[in-house]
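Protein sequence lines correspond, in order, to chains L and F. The letter at position 161 of the first sequence is residue 187 when you use the numbering used here, and the numbering goes up by one with no holes. The letter at position 176 of the second sequence is residue 202 when you use the numbering used here, and the numbering goes up by one with no holes. All residues carry an ideal CB built from backbone N, CA and C; glycine is no exception.
Number of protein chains: 2
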Amino acid sequence: MTELAHDDEENARHKIKAAKHKAAKDKIMATKVGEKGLLIVHTGTGKGKTSAALGMVFRHIGHGYPVGIVQFTKSPEWDTGEARLLKTFPDLVTLHIMGEGFTWITQDRERDIAAATAGWERAKEMIRDDRHRLVLLDELNIVLRYDYLDLNEVLTFLRDEKPADKHVVITGRNAKPELIEMADLVTEMTLIKHPFRAGIKGQKGIEF
Amino acid sequence: MTELAHDDEENARHKIKAAKHKAAKDKIMATKVGEKGLLIVHTGTGKGKTSAALGMVFRHIGHGYPVGIVQFTKSPEWDTGEARLLKTFPDLVTLHIMGEGFTWITQDRERDIAAATAGWERAKEMIRDDRHRLVLLDELNIVLRYDYLDLNEVLTFLRDEKPADKHVVITGRNAKPELIEMADLVTEMTLIKHPFRAGIKGQKGIEF
């Protein structure tokens, strides 16, 4: 067989396989007709939990949909790329960044609990507010893990008061099993390789 | 012991623990001094690979850093939120969206290879161009998996021609082991739960 004939045959084989694949995929996708406000959780020790949530936030902004964001732990870098960009869309973005920083930075449990409680009050307002199509509760899992907020209170609110068409995205390692159970979409970001191990620090645009 | 005294004691205990935690973390972070253009891979079957890459893209835009993007597989939805938003930053964003769609949509292997090759040529230009601080090669893993591009050619280029201070982010399932080996930062997005299984379709702002 010449090389050309071999290529033709391979292309023809590919076409049949691709057609079958497409038919199977179309059949599956035809059953996916519902729209629903999702409870989304990004957890795991890998990088990308907040980044992926921001990707969805910016997709919403691209479509002109208003979003609400509560950052439950302040980044050590206050001047983040996301905050800069989000602030250029004041009509679409409601942003609440907790002023108190992270527990092992502040070393003050009472102040952390007060800040978490204030953040959760803002989160509830944003979730109830019909204007927001998506609400991001960044690093809420950390706050829940340290018991700075009552897990049952959070779960009960999400179950009973989240409007049916609203997306809520919750990020942070160590998501509580009860939250995973309630969620519609859960992704675990798994660390395969991280440059911190090679002595590389967090970099502008990558980590913040 | 009164409840108040108990709270005081718990807070004091927390303070000591948090101080130790902070000291340990500071010590580790003090060793992270390097800056380096990273080769980043997002793979796995979970959601969030492209979203997390977009999060980094928008962080860069927030900092005013130019970025280049090649989308190697066209989304079934051409009118994505990310494309809409990216196009509002023409000074910062160079965007190349492959016009040919996905293999099981086009069912034409030769056309797919031509489109992949054209995309890779643009990718090389963007990576060589000093202006871009980050280049996103979205779904390049899929193209490599179908052997539409030569893996060795891609790896050799990344090894020999990627400028030392440039970040390159590659997304898509089934990343080649040789690429993972070469990368600095690899995250696997693991599917824990997906609403497609409950009959929910891809939604605006979430999937596109």
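- Linking Ala78(L) to Glu187(L) through their CA atoms gives a straight-line distance of about 25 Å.
- Annotation: the segment 145 to 232 of chain L contains the following complete segments of the beta strand (DSSP E) (minimum length 3 residues), in chain order: 160 to 164, 193 to 197, 211 to 219.
- C-alpha of His40(F) to C-alpha of Ile139(L): approximately 12 Å in a straight line.
- At a cut-off of 7 Å between C-beta atoms, Ala190(L) does not count as an interface residue with respect to chain F.
- Look at the beta carbons and you see the segment 83 to 94 of chain L not touching the segment 214 to 226 of chain L: under three pairs across the two are nearer than 8 Å.
- Assigned with DSSP and collapsed to three states, Leu121(L) falls in strand.
- When Cβ-Cβ separations below 7 Å define contact, Tyr174(F) makes no contact with chain L.
- Among the CB atoms of chain L, none fall inside 7 Å of the CB of Ile153(F).
- Here the alpha carbon of Lys227(F) sits roughly 12 Å from the alpha carbon of Asp52(L).
- Per DSSP, Leu80(F) has no beta bridge partner at all.
- Our two residues, Ile42(F) and Tyr172(L), have alpha carbons roughly 15 Å apart in a direct line.
- About 19 Å separates the beta carbons of Arg199(F) and Gly81(F), which is beyond the 8 Å limit, so they are not a contact pair.
- In this chain, the alpha helix (DSSP H) harbouring Leu111(L) covers 107 to 112.
- Of all residues in the segment 193 to 206 of chain F, those with a C-beta nearer than 8 Å to a C-beta of chain L are His193, Ile206, reading in chain order.
- For Ile95(L), not one C-beta of chain F is nearer than 7 Å to its own C-beta.
- In the three-state reduction of the DSSP assignment, Thr99(L) falls in the coil class.
- In the DSSP assignment, Thr69(L) falls within the beta strand (DSSP E) that extends over 65 to 69.
- Here Gly63(F) really is in contact with His193(F); their C-beta atoms are around 5 Å apart, less than 8 Å.
- Judged by their CB atoms, His86(L) and Lys75(L) are not nearer to each other than the 7 Å cut-off.
- Taking C-alpha positions only, Ile95(L) is separated from Met152(L) by approximately 8 Å.
- Only exposed fits Ala45(L), as fewer than 16 other CB atoms lie within 10 angstroms of its CB.
- In this structure, DSSP gives Gly60(L) an extended state, which the three-state scheme calls strand.
- Annotated three-state conformation of Gly94(L) is strand, per DSSP.
- Listed along chain F, the residues sitting closer than 8 Å to Arg159(L) by beta-carbon distance are Gly231.
- Per the coordinates, the alpha-carbon of Val212(F) lies some 32 Å from the alpha-carbon of Ala149(L).
- Counting other Cβ atoms within 10 Å of its Cβ, Gly72(L) reaches 16 or more and is therefore classed as buried.
- With distances taken between CA atoms, Gly231(L) lies nearest to Leu111(L) out of Leu111(L), Ala38(L), His47(L).
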